[in-house]
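In my numbering, the protein residues as written are 16 to 222. Beta carbons: idealized from backbone N, C-alpha and C, even for Gly. As the structure is a computational prediction, the values presented were derived from the model and not from experiment. Have a look at the structure below before the remarks.
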C-alpha cells in the first residue's frame, strides 16, 4: 500500500527559539491520529552527512496518501504552528529546510535501526544512476523512495527523495565506504566518485 511521505532536510536553524517553539507546537499533529494520518517516523540531529551538503536535522513523516502530505501544509492547526516562526509564506529568517513530498511503499522502522534520509538534486546520467540504485537495494531492510511530487519548502528544487533503512545506526554510518556497497556504486560507474552521475545529499540518522 502506497503512503505519502515528507522527506525533510534542515540545513540550518537560524533562530533556535522560534524553530523549537514551532517544533514543540507541531509535535501533537504528528501522532497519526488526524485525518491526514500524519505520523513522525523519525526526527533528530544528523549523525553524519555521508555525501553532499551539511545538514543539521532530518525527518521522515508518513501520511495516508501523497495528497494528504500536500494538503497538511495548509491545515489550520499546522499553519498556526508554523506561524510561531513568523511569516507562514517565508520561514527563511528562522530555518533553511527542504520538505519534499513523495508517494512510496510504506517503510517499517524499529528502534535501533539506522536510516538514510536522501535528497537527489540532479541526476546527470540516468542509466548509470538507476543501475547503481538497483544494485544497492539488497543493502536496505526497507526503502521508501520516489520522484518529488511537491516541495513545500527549500531554495533548491529536489528531483528524487528517499528514506532507506538499515539494521543499525552504525551500518547507516559505515556502509557507503564498505567493499560490498562499493560494488553497488561500481555498477553505476561510481566506484571512484559520483559527481559525474548524480548530485545528492545523504544523511544518516538513527530510528
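Give the straight-line distance between the Cα atoms of residue i and residue j, rounded to the nearest whole angstrom.
{"i": "residue 44", "j": "residue 194", "result": "42 Å"}
{"i": "residue 191", "j": "residue 63", "result": "12 Å"}
{"i": "residue 196", "j": "residue 109", "result": "37 Å"}
{"i": "residue 186", "j": "residue 179", "result": "12 Å"}
Identify whether residue i lies in helix, strand or coil by the three-state DSSP scheme.
{"i": "residue 186", "result": "helix"}
{"i": "residue 31", "result": "helix"}
{"i": "residue 197", "result": "helix"}
{"i": "residue 216", "result": "strand"}
{"i": "residue 121", "result": "coil"}
To which residues of the same chain is residue i closer than 6 Å at the C-beta, ignoring the five residues directly before and after it?
{"i": "residue 184", "result": "129, 221"}
{"i": "residue 169", "result": "113"}
{"i": "residue 151", "result": "199"}
{"i": "residue 80", "result": "19"}
{"i": "residue 111", "result": "26, 27"}
If residue i sits next to residue j, beta carbons under 8 Å apart, how far is it from one beta carbon to the other, in whole angstroms?
{"i": "residue 132", "j": "residue 218", "result": "5 Å"}
{"i": "residue 215", "j": "residue 136", "result": "6 Å"}
Compare the beta carbon distance of residue i and residue j with 9 Å and say whether it is the shorter of the two.
{"i": "residue 53", "j": "residue 96", "result": "no"}
{"i": "residue 203", "j": "residue 140", "result": "yes"}
{"i": "residue 113", "j": "residue 18", "result": "no"}
{"i": "residue 56", "j": "residue 99", "result": "no"}
{"i": "residue 138", "j": "residue 75", "result": "no"}
Going along the chain, which residues of its own chain have a beta-carbon closer than 7 Å to the beta-carbon of residue i, five neighbours each way excluded?
{"i": "residue 92", "result": "44"}
{"i": "residue 146", "result": "202, 203"}
Cutting at 8 Å between CB atoms, please list the residues of its own chain near residue i, excluding the five before and the five after it.
{"i": "residue 182", "result": "128, 129, 156"}
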